[in-house]
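Structure record follows, encoded as structure tokens.
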Amino acid sequence: MLQNSVAGLLVPGILQALCLVLFAPLVAGIINKTKAVLQKRQGASILQEYFDLYKWWKKPVILTKYTGWIFVAAPVVYLTTSIIAAMMVPGLLTGSFSFGDAFVFVYVLALGRFFMTLSSMDAATAFGGMGGSREIYISVLVEPAVMLAVLVNATRYGSTTLSQMVIQYDQFFFTVPAVLSCAAFFLIMLAENSRLPVDNPDTHLELTMIHECMTLEYSGRLLAFIHLGSMIKLLVFLVMFGALYLPLPIPMALKVLAGTLIIGLVETLNNKMRLFKVRVYLSAAVILLAVAVIAQ
Amino acid sequence: MDYLFGALGLFVLGVLTMFLPKRLELGAHYSGMLLAAGASMLVLLFSLGILVTGMTVGPLVFGRYSLMVDTWSAAFLLITGLSGAAVSIYGIGYGKGYLGQRIRLLSGLWNLFILSMVLVIVAGDAFTFILSWEVMALVSFLLVNHESEKKEVVYAAYQYMVMTHLGTAAILVAFYLLGSASEDFSFAAMAANTLDTPMRHIVFASAFIGFALKSGLMPLHVWLPNAHPAAPSHVSALMSGVMLKVAVYGFGRFMFWFLDCSTFAYGLIVMCVGLVSAFLGVLYASMEKDMKRILAYSSVENMGIIYTAFGCGMLLTATGKGSMAFIAFTAVLVHSLSHSMMKCLLFMGAGSVLHATGTKNIEQLGALASRMPLTAFFTLIGAMSLASLPFTSGLVGEWMTLQSVITLAWQADAQEMRVFVILAFILMGLTGALALGCFVRLYGVTFLGRRRSSLVLKAHEMPASMLIGMGLEAVLILFFGILPAPMVGFMQSALTGGVIIMPMENLFGVFWAGNGSFSIYSPLILAILAVFIGGILWFTLSGKKCFVEQEETWNCGTVPTRREQYSATGFSKPLRRAFDFILNPQRKRVYLKKNHEYFGRQQEYHLHIPDQFSEFLYKPVEHFVVRSADTMRALQQGSVRLYIGYTMIAMIAVLIWGVM
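These protein sequence lines map, in sequence, to chains C and V.
Residues in the first sequence are numbered from 1 upward in steps of one, following UniProt numbering.
Residues in the second sequence are numbered from 1 upward in steps of one, following UniProt numbering.
In structure tokens:
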């Protein structure tokens, strides 16, 4: 049965990934526009991210003499894992079979993180190491919450396959575990995608940067790869949020839009928290999820 | 069986090379290592034969001793043969560094070490088992103690000696109690034992203590992070990669054959100990800066994962979901095999770095990837596998472990079981992420960036034999990572004796249907997609004007110095702070020169992370023993009259007792 599904899953998977890749910069643009409007600025066009990607695409990559092949490979791996994650995300086009379950999804993203943090140490500056070190710190704290988020759904649906976890309105509508895990997943999403209040994607001040720190040494097409990868990852999480956790009977595009607007709002209302406060922030997510598992 | 006897014969020949004359030293080393490699390959072939046919050989009785091989032993013979062959090939090159330092002894004992491990696995009765177990312990002690000129090596070796004998004592007690409730001491008779319940608890406790100590589970792990780094690197590889698995073999033998797997408390204890070892092991690993100590602590972590899966299987059996326990026990074997491969690979990598630079302190390394590219590449694969990333065999075992724990949650009818699974998932999540961080740090600081000391300057690529040894393991890790079907299939038939009850392997990967619906991990499809997408992206980079070389890294307008890059200690600082309530790091800052409040200060900074178990468990016990011995000394004055007095007092006491 697995063999039959291969052809059946690849075509929709590829289509879905293409679709997410195309729309990812738009979603990032909408978040930026939302923030600008809420802060009473005019802000850049919602298409600005496309222009930025085009600009980086045309520029050459500047390499220092200390870097090796890992420095070049890391953005490629990062973007590849993001695209594969986009293929795996349920609720859009992919059928009932996939080539990996929720754990595989988590570890595919971990592959990208592994190479990004490695490359951050390759350029031999304090900035890179700082970013890598903090990224590892955040990821260690996020991971228990991610695992529990998988557990909530796995105990509910009896499977770790992502497509089986898609929220079903008739059975699972505004129950305690649904609402709690929805809130917790939102917290996880912000932390995993380096958004406020865990990390500030706009700043370039070394005290506050995490993800931007790691990419500081990158330029040209490699930088475009990394930014596109991050944007795809954010969109993938938004789709996951909508498909698995948001108990609203509306089309996916609207769910993603709602998620985008909420992120814009949260980022306007919050400051970046101190790095060592993140521990408290993420234990909140863990506790919410633990209660959700027990409440089922 | 011919293969096995052939292998044993070759090992004995290899041991005999020890007695070649001194002028043939190098020849003795080469022949010893080649014999070990050949014999290990024969062991590998033999175990494959057993696994394919699913037959049980023996027991073959030789006087008091007997040999017996079933599929459970064959799985561990596979691990021994595979890693033994790869590391022996590596040892041809690596051992040459010990020329003039008792090299004949090293290669002779090397053969004896593998031989004793094979004998433990094929033992058919308690005597043979204990005898080979003891030989294994003594030979590994001698090998750890090989560089006995160094003080810390001798300390580590004797600590290992004491600890491992405590373990042997516990196993002896277990065998003795078991044997006294059976007809004789052969495994077949002991399987039909008539232990009553309280006795069975005692047997379980002593067996678990004995094997947990040998596997380095917390809190019995204290010897491991000292002994494994002290040994020559190829010996550390074999100790971590194979000897720890031999303990898993013994524990499985006890649980499946002699004791009842379905006692709830046993499973709970094993799983809790496993989870704590996994988490704390990797936490300490990410704080260390000695390359081999990092790997040793990571062994504690991986043994923790293996025992977590084992305990999970026992819990599933205990709650009446015996058929579901299947995936957990398969995970035990799969992760044992893959941990054996990846830990051997990384210890070999660490040995190469040590060989090339003369240090294993990663704070003094860096930029080795450009000087030893192949070693760096193989180590990267090992590091990825230990971080359980896709396309490596590490994820297969990890995925199956996670599936088995989630099966436990899903099958649990009781609410308190669910709470336990929540705790298990939190710890496993922390473990997984910390392992990733730990190996990013290890690899990044050692191989990337710029050099941190001039030791790196003399680094060079390794000779062919060492590269072949490492490459063999790296290729296997990738092969089983992308096509896990053969590995999973063999391990399943090892569990069931050749009969596959519930197939988990598939042409495309692994799948698990025990939960009621499907969970799939098919690395083959994933790999094809990754190569396809990555290839396209890589192609877009291949344009001519895509890259521009630049002199310096941008550093806010200044030229960065080598000391400005992150150190390993700095890299783990946020984690140290996040988990300071467990680690309790001790910082000491000494001002060497302080002319001014803010400038011109020269200071020294010491960081010490004490192992909490030795601080709060071992040191008090040690103090108590020493103190009570001191008090007892007052009795021993050495005067004959006093001893006659003691005898008299004792006799009077006996007489009074007799009257009463």
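Every residue gets a Cβ at the ideal spot worked out from N, C-alpha and C, and that includes glycine.
Using the C-alpha atoms, what's the distance from residue j back to residue i?
| i | j | result |
| --- | --- | --- |
| Ile477(V) | Asp184(V) | 42 Å |
| Tyr443(V) | Leu380(V) | 7 Å |
| Pro75(C) | Gly366(V) | 22 Å |
| Gly91(V) | Lys343(V) | 15 Å |
| Leu434(V) | Leu283(V) | 7 Å |
| Ala424(V) | Phe204(V) | 23 Å |
| Ala578(V) | Gly91(C) | 36 Å |
| Val445(V) | Gly437(V) | 12 Å |
| Thr80(C) | Gly534(V) | 6 Å |
| Ala530(V) | Arg102(V) | 49 Å |
| Gln3(C) | Leu162(C) | Since pLDDT at Gln3(C) reaches only 49, below the 50 mark, its modelled position is unreliable, and the value read off the structure follows with that caveat. Approximately 19 Å, taken between the alpha carbons. |
| Glu604(V) | Ser233(V) | 32 Å |
| Ile62(C) | Phe279(V) | 40 Å |
| Ala126(C) | Glu217(C) | 11 Å |
Please check if any C-beta of chain V sits within less than 8 Å of the C-beta of residue i.
| i | result |
| --- | --- |
| Val280(C) | no |
| residue 307(C) | Outside the displayed range of chain C (1 to 296) lies residue 307(C), so it cannot be described from this structure. |
| Thr260(C) | no |
| Arg134(C) | yes |
| Leu2(C) | Below a pLDDT of 50, predicted positions are generally treated as unreliable, and Leu2(C), at 49, falls in that range; no measurement from the model is reported. |
| Phe185(C) | no |
| Gly229(C) | no |
| Phe91(C) | Per the sequence presented here, residue 91(C) reads as Gly, with Phe not at that position. Taking Cβ atoms only, chain V never reaches closer than 8 Å to Gly91(C), which makes this a no. |
| residue 299(C) | Given that chain C is displayed from residue 1 to residue 296, the structure contains no residue 299(C) and the question cannot be resolved. |
| Arg221(C) | yes |
| Val176(C) | no |
| Gly129(C) | yes |
| Val11(C) | no |
| Val21(C) | no |
| Met165(C) | no |
| Val72(C) | yes |
| Val146(C) | yes |
Assign residue i to buried or exposed, taking buried as 16 or more other Cβ atoms, counted over all protein chains shown, within 10 Å of its Cβ.
| i | result |
| --- | --- |
| Val27(C) | buried |
| Gln565(V) | buried |
| Val286(C) | buried |
| Val659(V) | exposed |
| Val559(V) | exposed |
| Pro486(V) | exposed |
| Tyr297(V) | buried |
| Ser493(V) | buried |
| Asp70(V) | buried |
| Leu106(V) | buried |
| Lys116(C) | Per the sequence shown, residue 116(C) should be read as Met rather than Lys. Met116(C) comes out buried. |
| Lys458(V) | exposed |
Do we get a CB-CB distance below 8 Å when we pair residue i with the residues of chain C?
| i | result |
| --- | --- |
| Pro486(V) | no |
| Thr168(V) | no |
| Lys321(V) | no |
| Asn361(V) | no |
| Ile103(V) | no |
| Leu483(V) | no |
Any residues in the segment 75 to 86 of chain C with a beta carbon nearer than 9 Å to a beta carbon of chain V? Which ones, in chain order?
Listed in chain order, the positions of the segment 75 to 86 of chain C with a beta carbon within less than 9 Å of a beta carbon of chain V are Pro75, Val76, Val77, Leu79, Thr80, Thr81, Ile83 and Ile84.
Below 8 Å, can you find three or more Cβ-Cβ pairs linking the segment 141 to 161 of chain C to the segment 402 to 422 of chain V?
yes
Which residues, in order along the segment 42 to 70 of chain C, keep a beta-carbon less than 7 Å from a beta-carbon of chain V?
Pro60, Val61, Ile62, Leu63, Thr64, Lys65, Tyr66, Gly68 and Ile70
Anything in the segment 235 to 253 of chain C with a Cβ closer than 7 Å to a Cβ of chain V? List those residues in chain order, please.
Within the segment 235 to 253 of chain C, no residue has a Cβ that lies closer than 7 Å to any Cβ of chain V.
If contact is defined by three or more beta carbon pairs under 8 Å, each pair taking one atom from either stretch, is the segment 262 to 274 of chain V in contact with the segment 199 to 218 of chain V?
yes
Is it a yes or a no for the segment 174 to 184 of chain C touching the segment 456 to 475 of chain V, going by three-plus beta-carbon pairs under 8 Å?
no
Counting Cβ pairs, one atom from each stretch, are 3 or more of them under 8 Å apart for the segment 315 to 332 of chain V and the segment 229 to 242 of chain V?
No, the segment 315 to 332 of chain V does not touch the segment 229 to 242 of chain V.
Under 8 Å: do the segment 129 to 141 of chain V and the segment 29 to 43 of chain V share three or more Cβ pairs, one atom per stretch?
no
Using a Cβ distance threshold of 8 Å, determine whether the segment 75 to 84 of chain V contacts the segment 40 to 49 of chain V, with at least three qualifying pairs required.
yes
Are at least three pairs of beta-carbons, each pair with one atom in the segment 242 to 251 of chain C and one in the segment 217 to 229 of chain C, less than 8 Å apart?
no
Does the segment 13 to 24 of chain C come within contact of the segment 38 to 45 of chain C, defined as at least 3 CB pairs closer than 8 Å?
no
Would you call the segment 9 to 21 of chain V in contact with the segment 111 to 122 of chain V, where contact means no fewer than 3 C-beta pairs closer than 8 Å?
yes
Three CB pairs or more closer than 8 Å across the segment 104 to 122 of chain C and the segment 65 to 74 of chain C
yes
I want to know whether the segment 128 to 136 of chain C touches the segment 377 to 391 of chain V - three or more CB-CB distances under 8 Å.
no
Contact the segment 357 to 371 of chain V vs the segment 418 to 432 of chain V: 3+ CB pairs below 8 Å
no
Using a beta-carbon distance cut-off of less than 8 Å, what residues from the segment 525 to 548 of chain V approach chain C?
Ile525, Leu526, Leu529, Ala530, Ile533, Gly534, Leu537, Trp538, Thr540, Leu541, Lys545, Cys546, Phe547 and Val548
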